[in-house]
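For the sequence shown, this note's numbering gives the first residue as 61, with consecutive numbering after it.
Below you'll find the structure, written out as structure tokens, and then a few comments.
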Amino acid sequence: MPGSVGFCSWVLLCCLWTTHAEIFTSIGQMTDLVFTEKELVQSLREYIKAEESKLAAVKSWANRLDSLTKISTSDPEGFLAHPVNAYKLVKRLNTEWSELESLVLQNPSDGFISNITVHRQYFPDEEDETGAAKALMRLQDTYQLDSEAFAQGKLPGTHSDARLTVDDCFGMGKTAYNDADYYHAVLWMQQALRQLDAGEEAEVPKSDILDYLSYSVYQMGDLPRAIELTRRLVQIDPNHQRAGGNLRYFEVLLSKQMNEQREALEQATEEPIQLGTYTRPKDHLPEREAYEALCRGEGVQMNEARRSRLFCRYQDGQRNPRLLLRPLMEEDEWDSPHIVRYIDFLSDEEINKIKELAKPRLARATVRDPKTGVLTTAQYRVSKSAWLEGEEDPVIERVNKRIEDVTGLTVDTAELLQVANYGVGGQYEPHYDFSRKDEPDAFKRLGTGNRVATMLNYMSDVVAGGATVFPDFGASIRPRKGTSVFWYNLFRSGEGDYRTRHAACPVLVGSKWVSNKWIHERGQEFRRPCGLTEVD
């Protein structure tokens, strides 16, 4: 619950992600939960049917005995004077009432409880729910979505009946509040209040919403509005344990501020709180605004002069025998650095096989710690991935060979094919694929040098979001199923091309599947010889 002003202190806890507790990071794995829920609903219906059958039997018994006891109690001696009635009374009390007792004691819920217990081990936990809530906030920020539109399911590129209730919005706001994220707490508590004021029914009382909202608004530095909201809270609940004290504190603080500034007491604005009312706090990412703008399709630096330098061609891998009869269509996506896209690089059958092999092994995607070289999870990469070896299936071997054929680079020293599935708000914030000079041990364990190039295979279309963007030069590349995008991370000299810092935008609507091959330096000495300058 919100704390009182003056003694409330916050300890920010970093989430420790585990392999299981991030179901929301992969839509592919979340689909299993849909069928699990359907099975549980069927089990629940069977339980309800059994309970109704049991109650019907008990009700029939009660109705029959109700009529009988009315007769027997009107003249007990006369009733028992008949030997059949006497016998049946003894029989009922000795046998039939015991059978009824057994019937009442039967528990039709056993099957349902057993079923749900089996499935519970695969259920999302509280960490999953928190992660999913933060994912929605990430989508809200990146795509500048108003809380009201979001709550009504009005997302770009889709029409849906999905809605967030008052209690859902309150849960979103509480998640943000517990993380000391008052910016989002205000947006979602305000939305919960808006829907409640509009007449929507909810379990959460209005006083709780006002409690969280007023304190969050205070934390955002808006004292006049915090006072107005706290007054509403006191009016609803005069005995609230914190509201009175907070209100007095807010009023004194505002009066002090106005006296210091020699201004009249500021009144709370009548404008409702919405996206843009408060400024989102800055975070660790210096190019946050440029990155998110590109994700929205804004700020793309494509112009007519650059477009005139982009071409498409058939690529036969310098007359590679495997590509002579069926060359790949190659399209320029960007001129400098040179980024190309290969059309129909993967067939539907290959994509399905790769997903089939990867899905059972999907685990939270990792990044390589620049200091230790050890793989670890990170908040800025939200997806699940699996690594596939060429020996596992002919399809993987065929894809690896195709990458080698079309790029002219050996994949003998490349990393395994990595398959990734992005979940709710899945993303990978701006990063470099290659290791920089300040992290010389990043790939030391592999012994194959730096990542010279990246081949990124799109294995699904995405309804909205999910673009690959390059903030340094303003490029945005949309996923297209079956195509692959290729670029060099290093110049021929071995120096890193810092322009290739890129990101996977959050998936707004849809499920994004990709696979990638990171090709390393070793073995490329004669395939991609050094240039004469550092930036050749």
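We put the beta carbon where it would ideally sit given N, CA and C, even for glycine.
Under the three-pair Cβ rule at 8 Å, the stretch 309-323 does not count as touching the stretch 180-188. Relative to arginine 538, the option among Ala564, Tyr548, Ile296 whose CA is nearest is Ala564.
Rounded to whole angstroms, the Cβ separation of valine 512 and threonine 528 is 19 Å, and the two are not in contact under 8 Å. In the DSSP assignment, tryptophan 394 forms a beta bridge with Ile399.
Between valine 246 and tyrosine 338, the gap from beta carbon to beta carbon is short of 8 Å. It is roughly 31 Å from the alpha-carbon of glycine 554 to the alpha-carbon of glutamate 349. The stretch 565-582 makes contact with the stretch 456-474; the number of CB pairs closer than 8 Å reaches 3 or more. DSSP, reduced to helix, strand and coil, places proline 420 within a helical segment of the structure shown. In the three-state DSSP reduction, arginine 505 falls in the coil class, being neither helix nor strand. Threonine 508 sits buried, since 16 or more C-beta atoms from the chains shown fall within 10 Å of its C-beta.
The alpha-carbon separation between serine 103 and threonine 235 amounts to approximately 32 Å. Per the coordinates, the alpha-carbon of serine 169 lies some 23 Å from the alpha-carbon of alanine 122. As DSSP reads the structure, methionine 389 sits in a beta bridge with Tyr374, Ile403. Assignment of alpha helix (DSSP H) within the stretch 232-273, counting only whole runs of 4 or more residues, yields 242-257 in chain order.
With respect to the 8 Å criterion, glutamine 251 and serine 207 are classified as neighbours on the basis of their beta carbons. Setting aside the 5 residues that flank it on each side, glutamate 594 is surrounded in the same chain by Phe551, Ser553, Glu555, each with a C-beta closer than 7 Å to its C-beta; the list follows chain order.
For alanine 563, the enclosing beta strand (DSSP E) begins and ends at 562-564. Here proline 341 is exposed: its Cβ has fewer than 16 other Cβ atoms, across all protein chains shown, within 10 Å. Between the stretch 450-464 and the stretch 390-398 there are fewer than three inter-stretch CB-CB distances shorter than 8 Å, so the stretches are not counted as touching. DSSP places glutamine 89 inside the alpha helix (DSSP H), whose first and last residues are 87-134.
With a cutoff of 8 Å on beta-carbon distance, aspartate 221 and glycine 213 are scored as near each other.
The beta carbon of glycine 217 is closer than 8 Å to those of Val523, Ala524, Leu568, Val569 in its chain, skipping five residues each way along the sequence. By DSSP's assignment, valine 545 forms a beta bridge with Arg401, Leu516.
Taking C-beta atoms under 8 Å as the contact rule, serine 276 and leucine 293 fail to qualify, at a distance of about 13 Å.
From the listed residues Glu331, Ala474, Gln478, the smallest Cα separation to phenylalanine 503 is found for Ala474.
Note: leucine 383 is not bridge-paired with any residue in the DSSP secondary-structure output.
A straight-line Cα-Cα distance of about 14 Å links glutamate 159 and leucine 125.
In this structure, Gly534 is the residue among Ser267, Leu385, Gly534, Ser174 with its C-alpha nearest to the C-alpha of tyrosine 351. In chain order, Gln250, Arg254 place their CB closer than 8 Å to the CB of proline 332, counting only its own chain and leaving out the 5 sequence neighbours on each side. Excluding five sequence positions before and after arginine 587, the CB atoms of its chain that fall closer than 6 Å to its own CB belong to Gly468, Leu469, given in chain order. In the DSSP assignment, proline 490 falls within the beta strand (DSSP E) that extends over 487-491. Asparagine 481 sits away from isoleucine 176, with the two beta carbons spaced by 8 Å or more.
In the three-state reduction of the DSSP assignment, isoleucine 456 falls in the helix class, which pools H, G and I. Between glycine 485 and alanine 286, the C-beta spacing is not below 8 Å. In the three-state reduction of the DSSP assignment, isoleucine 173 falls in the helix class. Lysine 413 sits in a helix when the DSSP states are folded into three classes.
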